[in-house]
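K.L.:
Numbering-wise (this note's numbering), the sequence shown opens with residue 36 and increments by one.
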Amino acid sequence: MAQRHVLITGAGSGIGAGIAHDLAARGDQITVSDLSLEAAEATARAIRDAGGKAEALAMDVASDESVNAALDQLSDPVEVLINNAGLQHVAALADFPMSKWDQLIQIMLVGAARVTRAVLPGMEARNFGRIINIGSIHSLVASPYKSAYVAAKHGLLGLSKVVALETAKSDITINTICPTYVKTPLVEQQIESQARSHGIPKSQVVDEIMLKPMPKGVFISFEELAGICHFLIGPAARNITGQTITVDGGWTVT
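Shown next, in the form of structure tokens:
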């Protein structure tokens, strides 16, 4: 399979960094973008140290100006976009600051639409593009205290379906991968927040809240998500578009 230029948002750490490392090891050229240029450069440097191709960009997906300025710096066109940037805030809706609610929606839903819109003209001109949204099990089900996160992740599925229809006449696809919990710094923060909200130990949050709904009862790995991305980028997936790829250890089976 031809190696592609892959832009990953929010890749300074966590899922984005994990996918970046794996796809670079497979030969793809990676642009690591993150709100923190320092974090993006650390990921890109580690990829290069391992023999891969990577560059770093500062990008605020909540800003048109930042997105356009970042894309203008690229020397090669974006062939694959992975919308991964995200954050979390855990609180009951009655106590949820609306400024924080808006921030989560702006980054995880509007931000995905913003970066997708920015790269689509180039993809359409070249008649090739692969767009992958990193959703969540919370794109499909709800949990208490996560109203903004759940709303944003649900919205990604609708966005994907609309863009799939709008790009159906070209060799462009868009899909959303929806994993359950991946052991990232963001999830570690969620464990601590849930423990405080419920007044229980962190180990109990993991066993009785996070992993309990999963029949397999394990965290999802970076390698699994990167492998799915690799498949979706390839020619075997050229007619898979607007779809939800659920990686939930059986959570939604019952």
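For each residue, glycine too, the CB sits at the ideal point set by N, CA and C.
For clarity, every value in this text was computed on a predicted model and none was experimentally measured.
1. Determine, using beta carbons only, whether residue 55 and residue 89 come nearer to each other than 8 Å.
2. I need the boundaries of the beta strand (DSSP E) containing residue 168, first residue and last residue.
3. Per the contact definition of three or more C-beta pairs closer than 8 Å, is the segment 177-194 in contact with the segment 259-269?
4. Ignore the nearest five residues each way along the sequence and tell me which others in residue 154's own chain have a CB closer than 6 Å to its CB.
5. Between residue 284 and residue 251, how many whole angstroms is the CB-CB distance? I'm expecting something under 8 Å.
6. When you compare the segment 59-79 with the segment 222-233, are there three or more beta-carbon pairs, one atom per stretch, that lie closer than 8 Å?
7. With a threshold of 8 Å, are at least 3 pairs of Cβ atoms found where one atom belongs to the segment 199-218 and the other to the segment 150-167?
8. Out of 125, 45, 213, which one is the CA nearest neighbour of residue 176?
9. If you measure between the beta carbons of residue 45 and residue 119, is that distance less than 8 Å?
10. Would a C-beta distance cut-off of 8 Å place residue 50 and residue 68 closer than the cut-off?
11. How should residue 181 be labelled, buried or exposed, when 16 other C-beta atoms within 10 angstroms of its C-beta is the threshold for buried?
12. In whole angstroms, what separates the C-alpha of residue 53 from that of residue 261?
13. Leaving aside the five residues before and after residue 255 along the sequence, list all residues of the same chain whose C-beta is less than 8 Å from its C-beta, in chain order.
14. Taking the C-alpha atoms as reference points, what is the distance between residue 258 and residue 219?
15. What would DSSP say about residue 24, mapped onto helix, strand or coil?
16. Tell me which residues share the same chain as residue 191 and place their Cβ nearer than 7 Å to its Cβ, disregarding the 5 neighbours each side in the sequence.
17. Where DSSP assigns a beta bridge to residue 90, which residues make up the other side?
18. Kindly indicate which residue of 60, 101, 64 has the alpha-carbon position closest to the one of residue 6.
19. Residue range of the beta strand (DSSP E) that residue 208 falls in?
P.N.:
Per the coordinate set shown:
1. Taking 8 Å as the Cβ cut-off, residue 55 and residue 89 qualify as a contacting pair.
2. First-last of the beta strand (DSSP E) with residue 168: 164-169.
3. Pairwise C-beta distances place the segment 259-269 out of contact with the segment 177-194, as fewer than three of them are shorter than 8 Å.
4. The answer, listed in chain order, is 113, 116.
5. Right, their Cβ atoms sit about 3 Å apart.
6. No, the segment 59-79 is not in contact with the segment 222-233.
7. Verdict: yes, contact present.
8. Distances from the CA of residue 176 to each of 125, 45, 213 were compared; the closest alpha carbon is that of 213.
9. By the CB criterion at 8 Å, residue 45 and residue 119 fall inside the cutoff.
10. Not closer than 8 Å, so no.
11. With a threshold of 16 other beta carbon atoms within 10 Å, residue 181 meets it and is buried.
12. Taking the straight line from one Cα to the other gives about 8 Å.
13. Answer for residue 255: 214, 215, 216, 217, 282, 284, listed in chain order.
14. The alpha-carbon separation between residue 258 and residue 219 amounts to approximately 13 Å.
15. Outside the displayed span of the chain (36 to 289) sits residue 24, for which this structure offers no information.
16. Within the same chain, residue 191 has close Cβ partners 144, 147, 168, 170, 174, 211.
17. In the DSSP assignment, residue 90 forms a beta bridge with 66.
18. There is no way to answer for residue 6, as the model of the chain reaches only from 36 to 289.
19. First-last of the beta strand (DSSP E) with residue 208: 207-214.
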